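Notes follow the structure.
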Amino acid sequence: MIRVILPQHLRTLANVSREVQLDVAGPLTQRSILDALESRYPMLCGTIRDQVTKQRRPLVRFFACEEDLSHEPPDAPLPEKVASGAEPFVILGAIAGG
Amino acid sequence: MSAVRVLVGTRKGAFILTSDGKRQKWNVSGPHFAGWEIYHLKGSPIDPNRIFASQTSSWFGQIIQRSDDGGKTWTNPGGGPTTTPEGMPKGESNKFVYDNSPQTGKPLTTHQWYDGTQHPWEFKRVWHIEPSLSDPETVYAGVEDAAIFRSTDGGHSWQELAGLRDAQGSKWQPGAGGMCLHTILLDPSDPKRMFIAISSAGAFRTDDAGKTWKPINRGLHSQYIPNPNAEIGHCVHRIAMHPSRPGVLFMQKHWDVMRSDSAGDSWNEVSGNLPTDFGFPIDVHAHEPDTIYVVPIKSDSEHYPPDGKLRVYRSRTGGNEWEALTKGLPQENCYVNVLRDAMAVDSLDKCGVYFGTTGGQVYASADAGDNWAPIVRDLPAVLSVEVQTLP
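Protein chains in written order, with the working numbering: chain U, 173 to 270; chain S, 5 to 395.
And the structure:
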C-alpha cells in the first residue's frame, strides 16, 4: 500500500481523511498513482490533472521525500520509500498570498 | 403556506436562505462547499428540490454538484462509482471538453487573443447553470471560454452545442472579466428558442434548439469597439425577460440599458433618467412584465454606486422612466458592486426582489422594491443570487 496526502479541498470533495492508502498496480509513477486515485475517487477527475491531456493543473504540486517532483515526467519511477509506504506522496495546492 | 429559498453563490462557498411567505424571518444554511468559488446555483422549475451548483477553483478546476433534496445534501453526479454494466464514465460531470474538428481532430475554431493572434478555446469554469423548463434531466451550462454545454442526464455528462461558435466566433475576444457565456434564457413558449449573452461578444439567439445561432446585436452602440455599431464585440452584461412575454428582452450592457420588442432582432436604448447607465444585473417583476430593475454603477472604471448610495432603480414603464428605491439600503459610504447574476425575483404576491453585493450583503424586498432589509450582512463576496418560490 502506498500513502497519498491530499489538500484539504480535495479531502472534503472525496470525503476522506488527510491521508489515503492505495494499491497501485505495476511500476510506481505519478501516472499510476493518479490513475489509481481517480479510479477509487472519481470525483477527483479533473481536479489534479486535466481530464483530457492528463497534464498537472498549474497550481497543483507533487512532493515526496522532501523533493518537488512536479516537473518530473509522469512515467518516471518514484522513490522506493514512496513505493514501500515509508514516505507519502504529497499532492498540494500552491500557496496564494494576500 | 408558500416559502422562499434563496440560493447564494459566493467567493467562498454557497449559502441557502429560507423563509416562509412573509419573508421576514430567515434561516441561513452554509457555507456549502466551503472555501470554493460558487459561481451559480439554480433549481429545476420542474423539480424544485433538484438544484445544480457550479463549484470552481483556480487550483482544482470545475466541479458540478447536484442536490435532489433542496440543498440539504449534495452529490457530484458523474463522480460516483460505476453502477451500470456498460459503465457510466467516471468523473464525467466535471468534464467540459470543446468539440474538435471531426476531420483533423484539432480545435474546431479559434478566437481573437490579446496580441491579435487566433487562440484555441480553453475551458476555465462554468459561470451559469440553466435547468430546462420541461425536463429535470436536462440542464445547460454557460462557460468560459464562451460556449454552451448541455446535459441530458441530470448533469452526469456534458456536450457542447458547438454551432454557437459558428456565429463569428473567430471575432470574439476576452475582455478583462474573461470571455464568458454568462446568461442563458429559455423561451417558455418555444422550446427550440434560446437566448445567450457573452461578455465582449454580444447576444445570440437560436431557433432550432442550439444547432445554429445568430448574433442579435442590431441597435447596440458601444464606443469602446472600433466600429461602435458592429455586429459582434458588444459587452452585454445581462439579459432578462418576463416568461409571459418572451419576445420582449431587457439588457444591461456595459453602458446602456436596452430593450428589444423583436426577440433581439433590434434594440432601443431605455436608459432614460438613470443617474448612470453602467451596471451589471437587470431583472423583471414576476407579475408586471413592464416593471424592471437595475442597479446603476458609477462607471466601468469605478465599480460602485454613484455618491456612495446603494440604489435600485425601478421602471414601471418598460424603461426610460426610472425611480430610485432607497428605503432600507445604505445611502452613505457604500462602495460595493452588484454582479450580473446576483439579482432575482420570487413569484409571491407581492413580488419579492433580492440582490447580493460584493460586500457580502444579501438584500430582500418583500414589496417589489419599496422597502429593503438585509437577510445577511457579512457573507463572502456574492457572485450570484437565485430564488425559488415553493408551494
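No residue lacks a Cβ here, since even glycine has one placed at the ideal position from N, Cα and C.
Please read these numbers as outputs of a predicted model, since none were measured by experiment.
From the beta-carbon of V101 of chain S, the residues of chain U found nearer than 9 Å are Q223, V224. Under the three-state reduction of DSSP, M215 of chain U is assigned to helix. Contact between P285 of chain S and V298 of chain S holds: their C-beta atoms lie close to 7 Å from each other, under 8 Å. Within the region 27-68 of chain S, the complete beta strand (DSSP E) segments at least 3 residues long are 31-36, 41-47, 55-61, listed from N- to C-terminus. When Cβ-Cβ separations below 7 Å define contact, L231 of chain U makes contact with chain S.
At a cut-off of 7 Å between beta-carbon atoms, H243 of chain U makes no contact with chain S. In this structure, the straight-line span from the alpha carbon of A266 of chain U to that of A377 of chain S is close to 40 Å. Beta-bridge analysis with DSSP links V254 of chain U to no other residue. Separation of the CB atoms of E164 of chain S and D73 of chain S is rounded to 30 Å, and the pair is thereby denied contact status at 8 Å. When the beta-carbon positions are compared, T156 of chain S and E141 of chain S come within less than 7 Å of each other. Judged by beta-carbon spacing, P300 of chain S lies within the 7 Å limit of G283 of chain S, meaning their Cβ atoms are closer than that value.
Proximity of the region 15-27 of chain S to the region 102-116 of chain S falls short of the contact definition, fewer than three beta-carbon pairs being nearer than 8 Å. Note on geometry: alpha-carbon atoms of A370 of chain S and I379 of chain S lie some 11 Å from one another. Only Q59, S61, S62, W63, F64, G65, Q66, I67 from the region 48-73 of chain S bring a Cβ to less than 9 Å from some Cβ of chain U. Nearest Cα to Y339 of chain S within the set S:D294, S:A385, S:T321, S:I152: S:A385. Annotated three-state conformation of K218 of chain S is strand, per DSSP. In terms of beta-carbon proximity, G39 of chain S lines the interface with chain U, with at least one pair separated by less than 7 Å.
For the region 256-283 of chain S, the set of residues with a beta-carbon nearer than 7 Å to any beta-carbon of chain U is empty. E390 of chain S and F359 of chain S have their C-alpha atoms spaced approximately 9 Å apart. Annotation: L194 of chain U has no Cβ neighbours in chain S at a cutoff of 8 Å; minimum Cβ distance is about 15 Å. DSSP places P384 of chain S in the coil class of the three-state scheme, outside both helix and strand. For the pair of segments examined, the region 224-243 of chain U was found to touch the region 258-265 of chain U: the number of CB pairs separated by less than 8 Å reaches three.
Not a single CB atom of chain U sits nearer than 7 Å to the CB of N104 of chain S.
By a beta-carbon distance limit of 8 Å, Q66 of chain S does not contact R169 of chain S. Their separation comes to about 19 Å.
Pairwise C-beta distances place the region 250-260 of chain U out of contact with the region 207-221 of chain U, as fewer than three of them are shorter than 8 Å. H225 of chain S and E306 of chain S have their C-alpha atoms spaced approximately 21 Å apart. Contact between G206 of chain S and V240 of chain S is confirmed by a C-beta separation of about 6 Å, below the 8 Å threshold. What N98 of chain S touches in chain U, judged by beta-carbon distance under 8 Å, is M215, C217, G218, T219, Q223, going in chain order. Chain U places a beta carbon closer than 7 Å to that of G83 of chain S, counting this residue as a contact.
The criterion of a C-beta distance shorter than 7 Å is not satisfied by S58 of chain S and H160 of chain S.
Taking a Cβ-Cβ threshold of 7 Å, the residues of chain S close to L182 of chain U are F64, in chain order. The C-alpha of G179 of chain S lies about 48 Å from the C-alpha of G257 of chain U. Identification of chain S residues near A266 of chain U by a Cβ-Cβ cut-off of 8 Å yields W63, ordered along the chain.
Residue state for A186 of chain U is assigned as helix, using DSSP reduced to three classes. According to the DSSP secondary-structure assignment, I202 of chain S is paired through a beta bridge with S:L185, S:G206. Where W131 of chain S is concerned, the enclosing beta strand (DSSP E) starts and stops at 129-135.
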